[in-house]
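Going by the working numbering, the letters in the sequence shown line up with residues 6 to 513, in that order.
Data first, discussion second: the structure below is written as structure tokens.
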Amino acid sequence: MYKSEIRDSTINALLEKAGQRNYGRYLAKMVLKKLRGFANEPVSFDFPVTAIIGPNGGGKTTILGAAGCAYKSVAPRRFFSKSGRYDESMQDWSIEYEIVDRELNRKDLIRRTASFRNLKWNRDPPERPVLLFGVSRTVPANERSELLQCASGTFTVPADHEEDLPQTLREAVSRILGKDVTGFKRLRIDASGQVVLLTGKTATGLGYSEFHFGAGESSIIRMVSQIELAEEQSLVLIEEIENGLHPVATVRLVEYLVEVAERKKVQTIFTTHSNDALRPLPSKAIWVATQDRIFQGKLDIGSLRAITGQIEAKLIIFVEDEFAKTWVEAILRQRGGLALDHIQVHAMQGDSTAVSINVHHNQDPSTKVPSVCFIDGDSAQQESDEQQVFRLPGQTPEAYVFDEVLTAWDQFGGKLAVALYQKYESSSEIRRLCTEIRRDSRDPHLIFAQLGGRLGLLPASTVAAAFANIWAQAYPQAVEKLLTPLQTLLPTEIADRASSGSVRVSNY
Numbered sequence: 006m007y008k009s010e011i012r013d014s015t016i017n018a019l020l021e022k023a024g025q026r027n028y029g030r031y032l033a034k035m036v037l038k039k040l041r042g043f044a045n046e047p048v049s050f051d052f053p054v055t056a057i058i059g060p061n062g063g064g065k066t067t068i069l070g071a072a073g074c075a076y077k078s079v080a081p082r083r084f085f086s087k088s089g090r091y092d093e094s095m096q097d098w099s100i101e102y103e104i105v106d107r108e109l110n111r112k113d114l115i116r117r118t119a120s121f122r123n124l125k126w127n128r129d130p131p132e133r134p135v136l137l138f139g140v141s142r143t144v145p146a147n148e149r150s151e152l153l154q155c156a157s158g159t160f161t162v163p164a165d166h167e168e169d170l171p172q173t174l175r176e177a178v179s180r181i182l183g184k185d186v187t188g189f190k191r192l193r194i195d196a197s198g199q200v201v202l203l204t205g206k207t208a209t210g211l212g213y214s215e216f217h218f219g220a221g222e223s224s225i226i227r228m229v230s231q232i233e234l235a236e237e238q239s240l241v242l243i244e245e246i247e248n249g250l251h252p253v254a255t256v257r258l259v260e261y262l263v264e265v266a267e268r269k270k271v272q273t274i275f276t277t278h279s280n281d282a283l284r285p286l287p288s289k290a291i292w293v294a295t296q297d298r299i300f301q302g303k304l305d306i307g308s309l310r311a312i313t314g315q316i317e318a319k320l321i322i323f324v325e326d327e328f329a330k331t332w333v334e335a336i337l338r339q340r341g342g343l344a345l346d347h348i349q350v351h352a353m354q355g356d357s358t359a360v361s362i363n364v365h366h367n368q369d370p371s372t373k374v375p376s377v378c379f380i381d382g383d384s385a386q387q388e389s390d391e392q393q394v395f396r397l398p399g400q401t402p403e404a405y406v407f408d409e410v411l412t413a414w415d416q417f418g419g420k421l422a423v424a425l426y427q428k429y430e431s432s433s434e435i436r437r438l439c440t441e442i443r444r445d446s447r448d449p450h451l452i453f454a455q456l457g458g459r460l461g462l463l464p465a466s467t468v469a470a471a472f473a474n475i476w477a478q479a480y481p482q483a484v485e486k487l488l489t490p491l492q493t494l495l496p497t498e499i500a501d502r503a504s505s506g507s508v509r510v511s512n513y
């Protein structure tokens, strides 16, 4: 199971710092009033490390570029160039910003606008150091024109042009790449130090140049080096952060950026297609771009295909979190006769995200697959038959399912014991543990993890699935009540066989 090296206390402290705008320089919010496919779409930066995710063409780079254009050092043409009469749509593009800059206003945010009118960009941006790392950072050394002079058997530099990597840089790179970079050096090729070649050493002490580095290895050393040299409270923009990196290295790079946010007050915004890049981040740090809408909240990258209609399904169900997903899937299995491989259930990590994405999905004329949303019993979101938003029973789902299964213990306790990898005869002892845990637990969201720990370190997901499946078996009438509003949307095995011409045997 993934365990972040960043403490929860660090995450919470940074959330509070961003929420209070406790910075000298910080991009707090922007509104894409009109920009490519976006209209009046707000993006708030509620955490100093922000991930932008979405499908290809969804607008990730548009958001990244809009953020950069808030500051003088980033020219709008870097992201939004005009190509003669072929870019007529750029007329009246506009981005509004809320910016923390204590040199310009010690007490309040400053507000700026960047707009494209009369064939040019108009803006009055404040100063701030901005580091931009594009996808070209992973181009191999032998394809970089500035390094071609180094590709010679007689190449050398004076001894005073060789520099050891600083200790902070070595430590950061070693954690990200999972390898010791002691002995690595930077060679200054020109007098200004703008052109640099990296060198490394094998475990046996043999030297090798950057021409033999992996693309990810080279880009990480260069990127981290620039970030370490950057001024405090700089802005870092990274396109496709996972490029050239192993999944573990991607996680560690994001963790490094969180650490830099704490240590140097650096703000980072990056785009990604990687689930791993999202793991260390809180939900408020993640924004989803879907061509014309932008949503805040953590979700699985795979669910983007459902959001944008790029999935072979006949019904999509959005829910708040992983337990709701487990519970709804158990309900669907209990019903029987459904073409389960044509139903997709996606956990959205939050009720507002689940509801808004469901509404957007059904309103999008390009999507042909209907969707519904199930919110938890304690959600402040509103149910709506028209928008196909329905509510699961109980208040806290974990506590509700747990209690309902306890009520049905006399009939189903033995089956639950087996589902928990225990002996059928141990049902009474497990019931005693459940009663004790339910009585003593202060957080109902942890009861499955607590029971799993008492039963020999069973994963919380295993315990949750066992309870959800037993609940569905014990309460068939409740299952039918929940699925009744979906009656005309649920794909069945019989209908699936008829449409495909297959002879698959029904489940009932």
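Ideal Cβ placement from N, Cα and C applies to all residues, glycine included.
Taking C-beta separations shorter than 6 angstroms and ignoring five residues to either side along the sequence, the partners of residue 36 in its chain run 47, 101, following chain order. By the Cβ criterion, the stretch 147-160 is not in contact with the stretch 220-230, since fewer than three pairs of Cβ atoms, one from each stretch, lie closer than 8 angstroms.
By the beta-carbon neighbour count (other beta carbons within 10 angstroms, threshold 16), residue 116 is exposed.
Apart from sequence neighbours up to five positions away, the residues of its chain that approach residue 30 with a beta-carbon distance below 7 angstroms are 105, 106, 133, 238, ordered along the chain. Each of 127, 28, 152, 475 was checked against the Cα of residue 333, and the nearest Cα belongs to 475. Uninterrupted beta strand (DSSP E) stretches at least 3 residues long and entirely within the stretch 71-131 occur at 98-106, 115-122, 125-127, given in chain order. Take residue 416, set aside five residues on each side of it, and the residues of its chain with a beta-carbon closer than 8 angstroms to its own are 479, in chain order. In summary, residue 45 is exposed, with fewer than 16 beta-carbon neighbours lying within 10 Å of its beta-carbon over all protein chains present. In terms of Cα proximity to residue 178, the closest of 280, 225, 196 is 225. DSSP, read as helix, strand or coil, puts residue 284 in coil.
Put simply, of 54, 84, 28 the residue whose alpha carbon is nearest the alpha carbon of residue 110 is 28. In the assembly as shown, residue 326 is a buried residue. Its beta-carbon has 16 or more other beta-carbons within 10 Å.
Beta bridge pairing from DSSP links residue 203 with 191. The residue among 127, 155, 10, 363 with its C-alpha nearest the C-alpha of residue 80 is 127. Under the three-state reduction of DSSP, residue 253 is assigned to helix. Judged by their CB atoms, residue 11 and residue 260 are nearer to each other than the 8 angstroms cut-off.
The DSSP-derived three-state label of residue 426 is coil.
Annotated three-state conformation of residue 228 is helix, per DSSP. If you compare the alpha carbons of 23, 168, 473 with that of residue 192, the shortest gap goes to 168. For residue 490, there is no enclosing alpha helix (DSSP H), as DSSP marks it with neither H nor E. Exclusion of the five residues before and after residue 69 leaves 57, 242, 244, 274, 276 as the residues of its chain whose Cβ lies within less than 7 angstroms of its Cβ. In this structure, DSSP gives residue 365 a helical state, which the three-state scheme calls helix. Under the DSSP assignment, residue 59 falls outside any alpha helix (DSSP H); it carries neither an H nor an E label. Within the same chain, and ignoring the five residues on either side of residue 382 in sequence, the residues whose Cβ sits closer than 8 angstroms to its Cβ are 396, 397, 398, 399, 400, 401, 402, 405.
Taking residue 298 as the centre and dropping the five residues before and after it, the same chain places the C-beta of 46, 365 closer than 7 angstroms to its C-beta, in chain order. DSSP places residue 439 in the uninterrupted alpha helix (DSSP H) bounded by 432-445.
Fewer than three pairs of CB atoms, one per stretch, sit closer than 8 angstroms, so the stretch 411-425 makes no contact with the stretch 341-354.
Distances from the alpha-carbon of residue 197 to those of 455, 379, 166 put 166 closest. In this chain, the beta strand (DSSP E) harbouring residue 272 covers 272-277.
Counting every other CB atom within 10 Å of its CB across the protein chains shown gives residue 286 a total of 16 or more, marking it as buried.
At the C-beta level, residue 354 and residue 288 come within 8 angstroms of one another. Linking residue 183 to residue 257 through their CA atoms gives a straight-line distance of about 9 angstroms. Sixteen is the threshold: when 16 or more other Cβ atoms of the shown chains lie within 10 Å of the Cβ of residue 393, as they do, the residue is buried.
In the DSSP annotation of this structure, the continuous segment of the beta strand (DSSP E) that includes residue 212 starts and ends at 212-214.
A distance of 8 angstroms or more separates the beta carbons of residue 75 and residue 137.
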